[in-house]
Structures are given as C-alpha cells and as structure tokens.
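Participant: For what it's worth, the numbering used here labels the leading residue of the sequence shown as 1, then goes sequentially. From the three backbone atoms N, C-alpha and C, an ideal C-beta is built for every residue, glycine too. This is the structure I want to talk about, given as structure tokens.
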Amino acid sequence: MRKRDKVQTNQPRQIISKLNPRSPITEQYRTIRTNLQFSSIDEKVKTVLITSAGPEAGKSVTAANLAVVHAQQGKKTLLIDADMRKPTVHYTFRTDNLTGLSNVLIGESSLEEAVQVTDVDELDVLTCGPVPPNPAELLGTNRMKEILEYAKVSYDFIIVDTPPSLAVTDANVLANMTDGSIVVIRSGETQFEEAERGVKIIQNQSAKFLGAVLNDIPKDKNQSYYYYYGS
C-alpha cells in the first residue's frame with residue numbers, strides 16, 4: 001500500500017463530511033450509512049456501487065462522503081474509482097493517479113501496491129489509474145470480480161464509484177459484482193423519465209437495488225439537503 005503523495009491539483013473538491021462533521025448535510029450522509037447497514041437482514045452488504053442516471057448528478061461527491069462517514073465510524077473503508085471515463089477520486093483526495101485500478105486489472109500492479117492511504121483515518125482509495133481505451137471490457141472481466149473479493153478480506157466496507165448507467169454499460173456490468181447499488185439523482189436537473197430509466201437498468205441486474213439519493217434539494221426549515229429511500 002502506498003502512502004498518499006502530496007499532489008497539487010487544479011480541481012479542488014470539498015468533502016463536507018470531512019471538513020464539517022457536525023453539519024446537517026454530514027448528518028444526512030450518516031443517515032444513508034445507517035440505512036445501508038439495515039438494508040439487508042439476511043446478508044451483510046459489504047460492497048456498494050454508486051451510479052447516477054446521467055452526468056453531473058453528484059454521484060462521485062456522494063461516494064466520497066459516504067466513504068468518509070463509514071471510515072469515521074471506525075470501519076476500514078476502500079473507495080474504488082471505477083469511473084474510467086471521468087475519474088475524480090484522485091482530485092478529491094489529492095492523490096496521484098499514476099497507478100490505480102486499470103493497472104491492477106491488467107496485472108501490472110497488485111491491489112496492495114495500487115491502494116493509497118488518505119488523510120482520513122481508516123479510509124484508503126484505489127484511483128482509476130491511466131484511463132484505458134476499453135473500460136467496459138476491463139471492468140467486466142473475472143479479474144475485477146477477484147479484486148472485489150480480495151478487497152473484502154482487508155476492508156469492512158467498499159464503495160465503487162461508476163459512470164452514469166444511461167451513458168455506458170460500465171455500471172450495469174459492475175452492479176452484478178457488488179452486494180447492492182445506489183442511484184444518485186439531482187433535484188431540479190435529473191428528469192423523471194431519465195431517473196426512472198436509470199433505476200430500472202440497475203434493478204435489472206442481479207445485485208440488490210438499495211435505493212436512491214436525491215441530491216441538492218433546496219433547503220428550507222423543513223428540509224435537509226439529502227434524502228434516502230429504499231426499495
């Protein structure tokens with residue numbers, strides 16, 4: 001496992017659950033965390049896929065914040081950037097992206113060598129690595145299944161950030177390899193028909209559809225920024 005290198009990026013991202021653990025938004029992420037823990041009685045949910053119907057819904061920010069609040073609970077957590085079309089985890093956590101998931105998938109690196117520690121206790125990240133020309137084909141291999149199963153040995157909880165489900169097949173492929181999936185929807189931006197199609201695509205996979213996160217709800221005295229609902 002590599003220690004986090006100090007890297008300056010030109011796209012800084014803020015993680016509210018890390019910067020302000022007492023904020024109402026962070027509390028909503030904790031609510032999602034609790035709902036995930038109670039989402040399956042018979043079988044423990046250990047690997048969760050995060051996707052959205054379309055772009056700019058906030059799925060990667062949601063994935064990062066959920067990873068942080070799980071780590072803050074003392075769970076050894078791994079955030080995997082499987083969005084090989086538009087990777088963001090290395091920007092969010094100020095790491096390099098020289099070696100990552102793509103290197104592990106083609107056998108150039110082991111998981112231990114590619115994983116990087118973050119400045120959040122108990123949270124490690126596996127960045128995308130060099131962007132490959134064939135993401136869907138790489139993610140659909142037995143090697144990806146093996147990586148997830150191997151990671152379960154070392155981590156209590158694993159979050160997989162994937163591309164939008166309507167844009168490419170990557171999320172659909174990976175949904176069959178995880179214990180459950182969440183679809184992120186942006187209030188006022190994601191059209192109802194688009195959200196419905198995105199959810200149905202995930203529901204058609206073998207993994208359990210855990211629910212959706214409604215992002216960016218305008219706040220008033222009766223509302224929080226984030227809601228979670230199960231199916």
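(1) Is the CB-CB distance between Leu-66 and Tyr-29 below 7 Å?
(2) Return helix, strand or coil for Tyr-226, following the three-state DSSP convention.
(3) Please check if any C-beta of chain B sits within less than 7 Å of the C-beta of Pro-55.
(4) Tell me the rounded alpha-carbon separation between Gln-8 and Met-1.
(5) Relative to the alpha-carbon of Glu-113, which residue among Asp-119, Thr-127 and Val-120 has its alpha-carbon at the smallest distance?
(6) Check whether the Cβ atoms of Ser-60 and Asp-161 lie closer than 7 Å to each other.
(7) Is the number of C-beta pairs between the region 80 to 99 and the region 189 to 198 that are closer than 8 Å three or more?
(8) Let me check understanding here. Comparing Cα to Cα, which of Pro-163, Ile-202 and Ile-182 lies closest to Met-84?
(9) Using a Cβ-Cβ cut-off of 7 Å (strictly less than) and excluding sequence neighbours within five positions of Asn-215, which residues of its own chain qualify?
(10) Can you list, in chain order, the residues of its chain whose CB lies under 8 Å from that of Asp-179, leaving out five sequence neighbours each side?
(11) Can you have a look at Gln-205 and say buried or exposed, based on whether 16 or more other CB atoms are within 10 angstroms of its CB?
(12) Mark Thr-34 as exposed unless 16 or more other C-beta atoms lie within 10 angstroms of its C-beta, in which case mark it buried.
(13) Whole angstroms is fine: what's the gap from Thr-169's alpha carbon to Leu-36's?
(14) In three-state terms, what does DSSP make of Asp-96?
(15) With a threshold of 7 Å on Cβ separation, who are the neighbours of Ser-109 within its own chain once the five nearest residues in sequence on each side are excluded?
(16) Quick check on the DSSP output: the beta strand (DSSP E) that includes Asn-215 runs from which residue to which?
(17) Would you report the Cα separation of His-70 and Asp-81, rounded to the nearest angstrom?
(18) Does DSSP classify Val-173 as helix, strand or coil?
Facilitator: Taking the structure as given:
(1) Annotated as proximal: Leu-66 and Tyr-29, with beta-carbon spacing under 7 Å.
(2) Reliability fails at Tyr-226, whose pLDDT of 45 lies under 50, so the model's placement of it is uncertain and the value that follows must be treated cautiously. DSSP places Tyr-226 in the coil class of the three-state scheme, outside both helix and strand.
(3) Absence of chain B from the displayed structure is noted, only one protein chain being present.
(4) Note that Gln-8 has pLDDT 40, beneath the 50 cutoff, so the model's placement of it is unreliable and no number is given.
(5) With distances taken between Cα atoms, Glu-113 lies closest to Thr-127.
(6) Taking the C-beta atoms as reference points, Asp-161 is found nearer than 7 Å to Ser-60.
(7) Contact fails between the region 80 to 99 and the region 189 to 198, because fewer than three Cβ pairs, one in each stretch, are under 8 Å apart.
(8) Measuring from the Cα of Met-84, the nearest candidate turns out to be Pro-163.
(9) So the qualifying residues of the chain are Ala-57, Gly-58, Thr-62, Val-184, Ile-185, Arg-186, Ser-187 and Tyr-226.
(10) Shown here for Asp-179: same chain residues with a beta carbon closer than 8 Å to its own, the five before and five after excluded, namely Ser-40, Glu-43, Lys-44, Val-45, Lys-46, Thr-47, Val-48, Ala-207 and Lys-208 in chain order.
(11) Gln-205 is buried by the Cβ-count criterion.
(12) Label assigned to Thr-34: exposed.
(13) The alpha-carbon of Thr-169 is positioned some 24 Å away from that of Leu-36.
(14) Correct three-state label for Asp-96: coil.
(15) The beta carbon of Ser-109 sits closer than 7 Å to those of Thr-99 and Asn-103, all from its chain and outside the five residues before and after it, given in chain order.
(16) It spans 208 to 215 - the beta strand (DSSP E) in which Asn-215 sits, taken as one unbroken run.
(17) Per the coordinates, the alpha-carbon of His-70 lies some 17 Å from the alpha-carbon of Asp-81.
(18) In the structure shown, Val-173 sits in a helix (DSSP, three-state: H, G or I).
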